[in-house]
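Visitor: Residue numbers (UniProt numbering): 1 to 345. C-beta atoms are modelled at their ideal positions from N, C-alpha and C, and glycine is treated no differently. Since the model is a prediction, treat every value here as computed from it, not as a measurement. Take a look at this one; I'll ask things after.
Right, here's the structure in full:
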């Protein structure tokens, strides 16, 4: 999303590690707190979603900027991105942390001049293939047989800015956002070909449809359980909002409705994050990262409370049996137990 290496392998080949990284010789691993933050309960309904004794556990640290947590059900492990380091990281309770994929988002041979070359949002398709929003390569890609396949990299013949986050519909459609954060100079980058930041739908046939270009910095994206509403976060400090768009029978978006405005929160804590990644639980409640953690909304947009990490938190995603919410918390990976289950479990 917005922020602030390694040699890049030739073509689009990937390297998969099978175990945790060994400690560096002569260096001690930084000590991490066992827990952090707190749960801010503003509505009694939150108690049905997050246990009263819930704690935010710290699982790993030492990254640059974490993003895109997604649970690999087959591998019983969490995958997430470390964008500046151009890699996808794997974490499991059994083996800890290891490099899963590098490079993840930029596969070119020339030095990448920006700060965010790597992949951002991640998801698995119906066939179990990993789908990536690749900042550096400016495309939606699929990892298949150890190689990247381009699913989409242009709209109307012009290259995307830097696909950021995505969500897959049951019919195989991919909804994704395209802000400028992966471009070295972002919105002023001379390589920027589109004069807007769009929200798109990519069909299984490869057709790209622009759904809206009204948002200044579209970022996190999610679907309601009935797939009749698309939620989009806007990571603009001057308009830090979440929008809810009705999806018509033809797949087009209707007029967006303001779900929640966090601009005042952002102004009060300008270095603690913006509306970013978000996920929806099985009942339609929305877990949306923003200032100092995760805001929890009812389907109607009522703020029920917050998972307070006291740090910039970029994204979240359920794992394990669907009741554990993993958080990409700045340079760390954290998690919290929930009573609810994520959508898809």
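Should residue 394 go down as buried or exposed, given a rule of 16 or more other Cβ atoms within 10 Å for buried?
Guide: Because the chain spans 1 through 345 in this model, residue 394 falls outside it and cannot be assessed.
Visitor: Given the structure, does residue 232 come close to the ligand ZN, in the sense that its CB is under 7 Å from one of the ligand's heavy atoms?
Guide: Judged by which ligands are present, the structure shown has none, so any question about the ligand ZN falls away.
Visitor: Using the rule of at least 16 other Cβ atoms within 10 Å of the residue's Cβ for burial, across every protein chain shown, is residue 147 buried or exposed?
Guide: With fewer than 16 other Cβ atoms within 10 Å, it is exposed.
Visitor: Taking the Cβ atom as the reference point for each residue, do residue 208 and residue 152 lie within a distance shorter than 8 Å?
Guide: Cβ distance < 8 Å, so residue 208 and residue 152 count as in contact.
Visitor: Looking only at C-alpha atoms, which of 274, 320, 336 sits nearest to residue 345?
Guide: Nearest option by C-alpha distance: 320.
Visitor: Going by DSSP in three states, residue 140 sits in which element: helix, strand or coil?
Guide: DSSP places residue 140 in strand when its eight states are reduced to three.
Visitor: Taking 8 Å as the cut-off, decide whether the C-beta atoms of residue 118 and residue 85 are in contact.
Guide: Contact: yes.
Visitor: Look up residue 188 in the DSSP assignment and say whether it is helix, strand or coil.
Guide: DSSP places residue 188 in helix when its eight states are reduced to three.
Visitor: Can you pull the DSSP bridge partners for residue 253?
Guide: In DSSP, residue 253 forms a bridge with 247.
Visitor: Please determine if the segment 205-225 and the segment 104-111 are in contact, where contact requires at least 3 C-beta pairs separated by less than 8 Å.
Guide: The segment 205-225 vs the segment 104-111: no contact.
Visitor: Enumerate in chain order the residues of its own chain whose CB-to-CB distance from residue 133 is below 7 Å, with the five nearest sequence positions on each side excluded.
Guide: So the qualifying residues of the chain are 119, 120, 121, 140, 163, 164, 165, 166, 176.
Visitor: Judging by CA-CA distance, which residue of 343, 326, 306, 316 is the nearest neighbour of residue 52?
Guide: If we check each option's Cα against that of residue 52, 306 comes out closest.
Visitor: Leaving aside the five residues before and after residue 342 along the sequence, list all residues of the same chain whose C-beta is less than 6 Å from its C-beta, in chain order.
Guide: Result list for residue 342: 281, 318, 322, in chain order.
Visitor: Expressed to the nearest angstrom, what Euclidean distance is found between the alpha-carbon atoms of residue 303 and residue 244?
Guide: Cα-Cα distance, rounded: 15 Å.
Visitor: Under the DSSP definition of a beta bridge, which residues are partnered with residue 213?
Guide: Bridge partners of residue 213: none, in fact.
Visitor: Please check the pair residue 56 and residue 32, which I expect to be a contact at CB under 8 Å, by giving their CB distance rounded to whole angstroms.
Guide: So it is not a contact: roughly 12 Å between Cβ atoms.
Visitor: Tell whether a beta-carbon distance below 8 Å holds between residue 265 and residue 290.
Guide: In this structure, residue 290 lies closer than 8 Å to residue 265 by Cβ.
Visitor: Going by beta carbon distance, what residues of the same chain come within less than 8 Å of residue 285, once the five residues before and after it are set aside?
Guide: Here the set comprises 49, 296, 297, 298, 299, 304, 340.
Visitor: Return the chain-ordered list of same chain residues with a C-beta closer than 8 Å to the C-beta of residue 267, the five sequence neighbours on each side being excluded.
Guide: Once the five neighbours on either side are set aside, the close Cβ partners of residue 267 are 237.
Visitor: Go through its chain and collect everything with a Cβ distance to residue 351's Cβ below 6 Å, but skip five positions before and after it.
Guide: Within the shown structure, residues of the chain are numbered from 1 to 345, placing residue 351 beyond reach of any answer.
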